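Numbering (this note's numbering), first residue to last: 97 to 348.
The beta carbon of each residue, even a glycine, is placed where N, CA and C say it ideally should be.
Small disclaimer: the values here were computed from a predicted structure and weren't measured.
Here it is in C-alpha cells:
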C-alpha cells in the first residue's frame, strides 16, 4: 500500500515537474511561431532566475535582433522604391528636351548653326541625365546631403533651363518669359536645374498659358522665381508641397 502511495505521489511530482518545464517551452514555441508569422513585436515575460528565465531572456534578445534586421531591410526596400520613383519622375524632363530637339532636327530644315545648337542641347541633357541618376542614387538610397557646390553664372543657368524646354513649350503653345540679372551663385547645377524644370512642369500641369522665370540680385543673395498664370493651389495644400510624391490631383 505504501508503495502504491509512493508511486502515485511520484507520478504527480513528475507530472508537475514536466508541466513546469514544458509550459515555458510551449510559450517559447508559440512566441517563435508568431514571430515567424510576422508579429515581430512578440516578447516573453518571466521573472524566473533559472535556466528557463535565461532562455526567455535570450529569446527576447534574438527577437530584438530580428525586429531590427527586418526594419533595416524594410528601410532599404523603401529607399530602393523611392529611388525608382524619383528616377522615373526625373527621367522625363531631360528626355522631353532630348526628344524635342531631336524632332526639330528631323522635321525642319535648319541652318548648320541651328543644328549644332540643337545637337548641343541633346548632348547636354544626356550628360545631365547621367549625372542626375548618380546623384538621385546618393540622395535617395544613401541619404547623402553634402553635395559640393560650384560657382556658376546664375543667369546662364536660367537661360539653359528656358532654352532646354523651348521645344516643349512651343508644342504646348506656352509663352515663356525670362528675366535674369547677371550674377555668380554657388549651387549644384544638375539638382537646381532639375528643381526649376519640375516647377515649370507643375506650371504646365496647372493649365498655364504663360510662365515667367526670373533671377534677381537682392541683399540676401540671388532670388530665383518661377511664376505662372495657371489655376494655382488651395491654401490648405501649400503646407504639403515639400512632401515626396505628394500630388493635389491624385488622378495624375
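Residue 286 and residue 231 do touch by the CB rule: their CB atoms are close to 6 Å apart, below 8 Å. Here the alpha carbons of residue 204 and residue 283 stand approximately 36 Å from one another.
Taking all protein chains in view, the Cβ of residue 169 is surrounded by fewer than 16 other Cβ atoms within 10 Å, so the residue is classified as exposed. Each residue's CA atom was taken as its position, placing residue 276 and residue 174 some 39 Å apart. Within its own chain, the residues whose Cβ lies closer than 7 Å to the Cβ of residue 198, once the five positions on either side in sequence are excluded, are 218, listed in chain order. The DSSP-derived three-state label of residue 164 is helix. DSSP, read as helix, strand or coil, puts residue 170 in helix.
Relative to residue 158, the option among 137, 227 and 251 whose CA is nearest is 137. Considering only 332, 208, 155 and 228, the residue with the shortest C-alpha distance to residue 288 is 228. Short of 6 Å from the beta carbon of residue 299, and not among the five residues preceding or following it, lie these beta carbons of its own chain, in chain order: 307, 324 and 326. Between residue 337 and residue 305, the beta carbon gap of about 22 Å keeps them out of contact (Cβ cut-off 8 Å). Sequence-distant partners of residue 258 (beyond 5 residues in either direction) whose C-beta falls short of 7 Å from its own C-beta, in its chain, are 272, 274 and 309. Residue 250 is a Cβ neighbour of residue 311, given a cutoff of 9 Å. Comparing alpha carbon positions, the residue from 264, 263 and 280 closest to residue 252 is 280. Excluding the 5 residues flanking it on each side, residue 225 has same chain C-beta neighbours closer than 6 Å at 190, in chain order.
Its chain contains 256 and 260 as the residues whose beta carbon lies nearer than 8 Å to that of residue 220, once the 5 sequence neighbours on both sides are disregarded; these appear in chain order. In the structure shown, residue 302 adopts coil according to DSSP, grouped into three states. Around the beta carbon of residue 152, 16 or more other beta carbons sit within 10 angstroms, so the residue counts as buried.
With respect to residue 196, residue 264 sits close: the two C-beta atoms are nearer than 9 Å.
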